[in-house]
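**Student:**
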Amino acid sequence: MTATPPAPADQPVAPAGVKHSPVEDALGILTGTFVVSLGLFLLRSVSAVTGGTAGLSLLVSYVAPVPFGVLFAAVNLPFFLLAIRKKGWDFTLRTGLSIALVAGLSQLHPLVFGTLDLPPLYAVLAGNILCGVGLLILFRHRSSLGGFMIAALIAQDRLGWRAGYVLMVLDTAVVLSAFAAVPATTVLLSALGAVLLNFLVALNHRPGRYTGY
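The sequence shown lines up with residues -4 to 208 when you count with the working numbering.
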């Protein structure tokens, strides 16, 4: 058996299980929600959708005169009871704060950027990459954006299933339902983007690897 070589003397070894400080958690949640809200703004600029309650809220906002932020908060309300029972108050309160921040920040980007004229492929891919990165930041600070993500994280914690793959299955129904409201080409691009988002989450948020403290 080959022994594991010690770390070089000039490279300190990070202590195991170091918890995030309250300031780190606050900055992490603020950063994650900002990145997600910017990704959703890019998706909205080309009337695309993605998975989860965010995608469902986007879809409804295209056919109903209700702001995305209001829809996003309302759609997530039924999932709070599940989060309290399965994940505890700390996770639930952090998730509620994250949802409120995304709902609020989603109103900021249109004021700053106005109406964007982007190639649909770029907007969908970039938007989903930003959403995926933002979700990873939130997951690592014991938060989420509610809805399907709560179910996916519970499945990962209790059953060992990768959260990204669980989300991919649940998100398929949301993306397919978009055929009723947006052009078929946009739906196909949205499906590609949702797969990319969930692949990023599955690749970087796995049982047995760093998930945050």
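Note that beta-carbon positions come from the ideal geometry of N, C-alpha and C, so glycine has one too.
Measure from the alpha carbon of A147 to the alpha carbon of each residue in G23, L77 and A98, then state which is nearest.
**Tutor:** Here residue 147 refers to the residue found at position 152 of the sequence shown. Among G23, L77 and A98, the Cα nearest to that of A147 is on L77.
**Student:** Under DSSP, the alpha helix (DSSP H) around K14 begins and ends at which residues?
**Tutor:** For this step, residue 14 is matched to residue 19 along the sequence shown. Element bounds for K14: n/a, residue is neither H nor E.
**Student:** Answer with buried or exposed for T110, where buried requires no fewer than 16 other C-beta atoms within 10 angstroms of its C-beta.
**Tutor:** Locating residue 110 in the sequence shown gives position 115, where the first residue counts as 1. T110 comes out exposed.
**Student:** Using the C-alpha atoms, what's the distance from H15 back to A175?
**Tutor:** The residue labelled residue 175 in the question sits at position 180 within the sequence shown. The residue labelled residue 15 in the question sits at position 20 within the sequence shown. Roughly 44 Å separates the two Cα atoms.
**Student:** Note down the Cα distance separating F75 from G141, rounded to an integer number of angstroms.
**Tutor:** Here residue 75 is taken as the residue at index 80 of the sequence shown, counted from 1. Here residue 141 is taken as the residue at index 146 of the sequence shown, counted from 1. Approximately 7 Å, taken between the alpha carbons.
**Student:** Determine the DSSP secondary structure at L72, reduced to helix, strand or coil.
**Tutor:** Translated into positions along the sequence shown, residue 72 becomes position 77. Coil at L72, not helix or strand.
**Student:** For the alpha helix (DSSP H) holding D220, just list the boundary residues, first then last.
**Tutor:** Summary: the structure shown does not reach residue 220, with the chain confined to residues -4 through 208, and so no result is reported for it.
**Student:** Classify V107 as buried or exposed, calling it buried when 16 or more other Cβ atoms lie within 10 Å of its own Cβ.
**Tutor:** Numbered from 1 along the sequence shown, position 112 holds the residue referred to as residue 107. Label assigned to V107: exposed.
**Student:** Distance, Cα to Cα, A179 vs L120?
**Tutor:** As a first step, residue 179 is located in the sequence shown; it is residue number 184 there, counting from the start. As a first step, residue 120 is located in the sequence shown; it is residue number 125 there, counting from the start. If I take the Cα positions, the gap works out to 17 Å.
**Student:** For my contact list, G83 and F143 are in at a C-beta cut-off of 8 Å; report their separation, rounded to the angstrom.
**Tutor:** To locate residue 83, count along the sequence shown from 1; it is residue 88. To locate residue 143, count along the sequence shown from 1; it is residue 148. That belief does not hold up - the Cβ atoms of G83 and F143 are roughly 19 Å apart, past 8 Å.
**Student:** Are there 16 or more other CB atoms within 10 angstroms of the CB of V18, so buried, or fewer, so exposed?
**Tutor:** Numbered from 1 along the sequence shown, position 23 holds the residue referred to as residue 18. Under this definition V18 is an exposed residue.
**Student:** Taking S32 and S101 to be in contact with their CB atoms under 8 Å, please state how far apart those CB atoms are, rounded to whole angstroms.
**Tutor:** Start at 1 with the first residue of the sequence shown, and residue 32 comes out as number 37. Start at 1 with the first residue of the sequence shown, and residue 101 comes out as number 106. About 5 Å separates the two Cβ atoms, so the contact holds.
**Student:** Tell me whether the segment 189 to 196 and the segment 53 to 72 touch, counting them as touching only if at least three CB pairs, one residue from each stretch, are closer than 8 Å.
**Tutor:** The answer is no - the segment 53 to 72 does not touch the segment 189 to 196, with fewer than three Cβ pairs under 8 Å.
**Student:** Look at the alpha carbon of S42 and the alpha carbon of P62, and state the distance between them as a whole number of angstroms.
**Tutor:** Position 47 of the sequence shown, counted from the start, is the residue given in the question as residue 42. Position 67 of the sequence shown, counted from the start, is the residue given in the question as residue 62. For S42 and P62, the distance between alpha carbons rounds to 14 Å.
**Student:** To the nearest angstrom, how far is the alpha carbon of S93 from that of L35?
**Tutor:** In the sequence shown, counting from the first residue as 1, residue 93 sits at position 98. In the sequence shown, counting from the first residue as 1, residue 35 sits at position 40. When rounded, the distance between both Cα atoms is 14 Å.
**Student:** Mind checking whether R80 and R137 have CB atoms under 7 Å apart?
**Tutor:** On the sequence shown, residue 80 is found 85 positions in, with the first residue counted as 1. On the sequence shown, residue 137 is found 142 positions in, with the first residue counted as 1. No, they are not a contact pair.
**Student:** For a test of the three-state rule: what should DSSP assign to T45, helix, strand or coil?
**Tutor:** Here residue 45 refers to the residue found at position 50 of the sequence shown. Note: T45 maps to coil in three-state DSSP.
**Student:** Which of the three DSSP states is assigned to S172 in this structure?
**Tutor:** On the sequence shown, residue 172 is found 177 positions in, with the first residue counted as 1. If DSSP states are grouped into helix, strand and coil, S172 belongs with the helices.
**Student:** What are the start and end residues of the alpha helix (DSSP H) that includes P62?
**Tutor:** For this step, residue 62 is matched to residue 67 along the sequence shown. That residue, P62, is in no alpha helix (DSSP H); it is neither H nor E in DSSP.
**Student:** Could you say which of F29, Y117 and L184 lies nearest to A98 if we only look at CA atoms?
**Tutor:** To locate residue 98, count along the sequence shown from 1; it is residue 103. It is F29.
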